[in-house]
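2 protein chains.
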Amino acid sequence: MLLLRAVAGRRLPVPLPPPPRRSCPRAGAASLAPGSPPGAGGRGRAAPVLAALLGLGAVLAYGERRRRAAQATQAAPAPRYPLYTREEVGRHRSPPDRVWVTHGTEVFDVTDFVELHPGGADKILLAAGGALEPFWALYAVHHQPHVLELLREYKVGELSPEEAAVPAPAAGDPFAGDPPRHPGLRVNSQKPFNAEPPPELLAERFLTPNELFFTRNHLPVPAVDAETYRLRVEGPGGRELSLSLEELRSRFPKHEVTATLQCAGNRRADMSRVRPVKGLDWDIGAIGTARWGGARLRDVLLHAGFGERPEGEWHVCFEGLDADVGGAPYGASIPYGKAVSPEGDVLLAYEMNGAALPRDHGFPLRAVVPGVVGARNVKWLRRVAVSPAESPSHWQQSDYKGFAPCVDWDTVDYSAAPAIQELPVQSAITQPRPGAAVPPGELTVKGYAWSGGGRGVVRVDVSLDGGRSWRVARLAGERQEPGRAWAWTLWELQAPVAAGAGELEIVCKAVDSSYNVQPDTVAPIWNLRGVLSNAWHRVRVSVRP
Amino acid sequence: MLLLRAVAGRRLPVPLPPPPRRSCPRAGAASLAPGSPPGAGGRGRAAPVLAALLGLGAVLAYGERRRRAAQATQAAPAPRYPLYTREEVGRHRSPPDRVWVTHGTEVFDVTDFVELHPGGADKILLAAGGALEPFWALYAVHHQPHVLELLREYKVGELSPEEAAVPAPAAGDPFAGDPPRHPGLRVNSQKPFNAEPPPELLAERFLTPNELFFTRNHLPVPAVDAETYRLRVEGPGGRELSLSLEELRSRFPKHEVTATLQCAGNRRADMSRVRPVKGLDWDIGAIGTARWGGARLRDVLLHAGFGERPEGEWHVCFEGLDADVGGAPYGASIPYGKAVSPEGDVLLAYEMNGAALPRDHGFPLRAVVPGVVGARNVKWLRRVAVSPAESPSHWQQSDYKGFAPCVDWDTVDYSAAPAIQELPVQSAITQPRPGAAVPPGELTVKGYAWSGGGRGVVRVDVSLDGGRSWRVARLAGERQEPGRAWAWTLWELQAPVAAGAGELEIVCKAVDSSYNVQPDTVAPIWNLRGVLSNAWHRVRVSVRP
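These protein sequence lines map, in sequence, to chains A and B. Under our numbering, residues 307 to 851 are what the first sequence spells out, in order. Under our numbering, residues 307 to 851 are what the second sequence spells out, in order.
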């Protein structure tokens, strides 16, 4: 909150901009006085919300800016602006190159606002060189008249008229039908699409916005017509069912579960720094939390005549509508006991955070298997089969398994390791970011922690000295039911940092309800596929002098 | 297997003893030839068993010794022997002081047999200075005529006649009624009695012999009359039951579960080496595995009218007959869901490895809660109560919880941490022992691994270089049902060790079915009570030149 620091009279890390556009706004009682110009009603409604979200100082600063902007608009005639292409806008992504953004067809140079942005400089820079709308869509605080007014102060141009057109997809590209994505996502692979949100946005909210939820696709996104869609349910000892989406909605009670999904490869980047691995180079964002809604798999299985507790070890195999060039679908399985347990909370989900499943997340139906690795949460479900064997799919049999550091591609025997189901305890620091220069004073460290199998997070320890000494973080959120703690825990620590502290190595480690802990270092858990990367998360920052 | 190495013609680590008593026996085809002296039938039956247990070489060596002993007995008249007290025998516990043992009323100097002992020198030394019988009782291989014959070669004396008497207990001592214990146990506290088996015996067998099973008593052992014993079962919404042992046996099906119990303080010694902690200084032996038999707690709860899935969070509280001077009993509780789940396998156990529960292990009835810390497996059960709250007992509320390393006795808040239930993944090296001098060649490393919550052990990694490189150990035993893998996994690794390797730091770490791993080091998991000590186990040995 740089703005707040400025208001409090502390040293600003960037030179104070000259007035009027470059003045450091100061909050004053005057801006709260009666007799405000038209629009004050809007501000009046917004103020409590803003105050809650951003702190009161930021609201006051916003109000002051708004007043000055209104004065400027009244005084000056509407200017003519130069025209720019999106590509030209895209060249302005950092303060040295100026920071440009678009809104509608307008182009703005917001360089001087970056450090004043109440949500933090890092957040506004996510939109640098592109459109603001996808980010504003995530943060309702921007949907207020004074925000647009404020923005107009920074207008420098307009988009060329030909920029409205979207380029046509290449013919014959199996990925041509993939849906549009949020520009804030960090793309690890375009085809198939794999992307994660920027770490600084990851733990801002308990529920990850659908647009920012990490996407892990193995194949092109299938185009599914919800009207004609059917789910097949079958297996020995049961009736074969074919269910439409409407039948799934109307015949089975809707069940809602807040659950975190994590890719087995989350934090693989830490592992590939030790030794190269095969796989997408996920940072800490291949994890997210949503409120999922759908039919319980248990209800569907019992409806199909399968029992509560069959003899022997059974599995529920999922098949997706996404298929490779040979027609082989993505597939995975989970133990039958997990699928049928009333406490297992496994869903055939058609909703994500109150909306229909987005196409990238399995529209119209996906498996949500709380506490279990993302790979088993099969998207675009076409078939659910009860079986005495695990899914024969490549992804069940020959991928998503853990091995010792000594196993390489010459010696690996995939049959020797169990398929990953429940994931181990995990945590990561989302703030500050590696390499950041933090001011001396009170340092805020934030992050997430989660464990598989419904094991809640009972403690997060944070070190500022590489693990030599520890503090206990404050855990946010409500207590979850033991054994069904499917969602992550966001955490925060405030700690004093002395000027002259130099480099800090910030470390976090979580403890789950079975008192499992994270390993200290990466090398001893290194594995050739770079999965299960859950060593202590370490972030090095420097303290400004 | 020093004997086998000698037979194979390798260098013996001790000087070859002179004949006849000091000859290094060599196995030969002759000892297997027909026409053996009387007693060969016994050997014939024993040979396959011995071969399986000790390897064929050892059997051949035994046979050869046996033949020579028989010749010696025929030749010499029975000598008169000096008399010794037990205290005098007890002064001979190591080769420099000579190694004496007793059997019945006879005293033997087995110093020269120590390195020839087929089970290993370390094993026979456990009995040094005392009686052989308690150890022979654990290893049926000794119950053969030729073993006694072999022993008689080493006779040096007899026990004084007055040595039969056992000292009377002190009057007024609340522990005076405690049962006799196996002399092989390593006692951490005599009153209350807390003891663990020698590490070198710990992983010799999948099922830990009752006599060697670690004993963790908080209070004196209650004297219970099985005839008048009653268990009270009660709680809101259920019928109050009072059950005799006979009723528990006859009214409910007997259920058997093979489960490992581990004390929360197992391996505390590793933690107290980092910084002092409060608690008994357990080495690696506060863990053991038994086949438990009894009524399922689930069956008893349902019989008492409690439901399968009550609304809200309920608990099952256990109270023991062991009480402190103020009359407060030992107590603990477990989540109701665990108690009532058919897959939870919680027992009201009256049998341990096929025998009635020994007094030290809860006679006549104890809770066995597979996958859960030993402290909740309440012994000498007097009351089982369903309750909306956890047990109010000191041991539930203000002990057996985990804290961060920064929490000390001035700042600890026991209400801030959850009671330990499921334990995290654990492993330890039982062979070789710290400080051992191992011969160059093939090194055998053995140990145990276990995890709480029914999570089976899927891999054990072993390093001989302090964790820089790893090998994968061979896991013994049958695969356990996923989610109900209550028993430990014994493991073994053979690895070549070069002469001149100097010091080795042997390390083990286990991976459980949720791919949880052990932390690298102790300091970051240090806690003021020294519980949950599950960092990599490290054993330093030297390689003989």
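Cβ atoms here follow ideal geometry from the backbone N, Cα and C, with glycine treated the same way.
Per DSSP, what kind of secondary structure is residue i in: helix, strand or coil?
i                 : result
Ser775 of chain B : coil
Gln703 of chain A : helix
Asp666 of chain B : helix
Glu393 of chain B : helix
Ser721 of chain A : helix
Tyr636 of chain A : strand
Ile430 of chain A : helix
Val837 of chain B : coil
Val845 of chain B : strand
Pro440 of chain B : helix
Phe414 of chain B : strand
Gly626 of chain B : strand
Asp818 of chain B : strand
Pro331 of chain B : Residue placement at Pro331 of chain B cannot be trusted, given a pLDDT of 35 that sits under 50; what the coordinates show is reported in the next sentence. Three-state DSSP puts Pro331 of chain B in coil, outside helix and strand.
Lys752 of chain B : strand
Asp589 of chain B : coil
Ile726 of chain A : coil
Leu671 of chain B : coil
Ser733 of chain A : strand
Ala532 of chain B : coil
Pro641 of chain A : strand
Glu546 of chain A : coil
His609 of chain B : helix
Glu553 of chain B : helix
Val684 of chain A : coil
Ser769 of chain B : strand
Arg597 of chain A : strand
Buried or exposed, going by whether 16 or more other CB atoms sit within 10 Å of the CB of residue i?
i                 : result
Asp826 of chain A : buried
Lys497 of chain A : exposed
Tyr656 of chain B : buried
Ala352 of chain B : In this prediction, Ala352 of chain B has a pLDDT of 38, which is less than 50 and means its spatial position is unreliable; what the coordinates show is noted afterwards. Label assigned to Ala352 of chain B: buried.
Lys707 of chain B : buried
Tyr460 of chain A : buried
Arg397 of chain B : exposed
Arg386 of chain A : exposed
Gly626 of chain B : buried
Arg458 of chain A : exposed
Pro559 of chain B : exposed
Arg765 of chain A : buried
Ser775 of chain B : exposed
Can you list, in chain order, the residues of its chain with a C-beta nearer than 6 angstroms to that of residue i? Leave out the 5 residues immediately preceding and following it.
i                 : result
Val675 of chain B : Ile640, Val652, Arg682 and Asn683
Ser697 of chain B : Cys623, Gly637, Ala638 and Ser639
Ser256 of chain A : Only positions 307 to 851 of chain A appear in the structure, and residue 256 of chain A is not among them; the question remains open.
Leu810 of chain A : Leu770 and Val847
Residues in its own chain within less than 7 angstroms of residue i by CB, not counting five upstream and five downstream?
i                 : result
Ser550 of chain A : Tyr535 and Arg536
Arg790 of chain A : Glu649, Asp651 and Gly760
Ala509 of chain B : Thr736, Lys752, Gly753, Tyr754 and Leu796
Pro505 of chain A : Asp589, Ile590, Gly591, Thr736 and Arg739
Please go through the same chain and pick out, in chain order, the residues whose beta-carbon is closer than 8 angstroms to the beta-carbon of residue i, but skip the five residues on each side of it.
i                 : result
Gly350 of chain B : Note that Gly350 of chain B scores a pLDDT of 36, beneath 50, so its modelled location is shaky; the value from the coordinates is reported in the next line. No residues qualify anywhere along the chain.
Ser647 of chain B : Arg604
field: Any 3 or more C-beta pairs closer than 8 angstroms across the segment 565 to 579 of chain A and the segment 482 to 489 of chain A
entry: no
field: Segment contact, 8 angstroms Cβ cut-off, at least three pairs: the segment 607 to 616 of chain A with the segment 539 to 553 of chain A
entry: yes
Every unbroken beta strand (DSSP E) inside the segment 443 to 526 of chain B [3 residues or more]: 461 to 465, 492 to 495 and 500 to 502
query: For the segment 452 to 467 of chain A against the segment 503 to 521 of chain A, are there 3 or more C-beta pairs whose distance is under 8 angstroms?
result: no
field: Contact between the segment 646 to 660 of chain B and the segment 580 to 589 of chain B (3+ Cβ pairs under 8 angstroms)
entry: no
- prompt: Just checking, does the segment 741 to 750 of chain A make contact with the segment 828 to 835 of chain B on the three C-beta pairs under 8 angstroms criterion?
  reply: no
field: contact_flag[the segment 747 to 765 of chain A, the segment 810 to 818 of chain A] where n(CB pairs < 8 angstroms) is 3 or more
entry: yes
task: Could you tell me whether the segment 797 to 808 of chain A touches the segment 773 to 786 of chain A, where touching means 3 or more Cβ pairs closer than 8 angstroms?
output: yes
query: Any chance the segment 657 to 665 of chain A sits against the segment 712 to 730 of chain A, with 3 or more Cβ pairs inside 8 angstroms?
result: no
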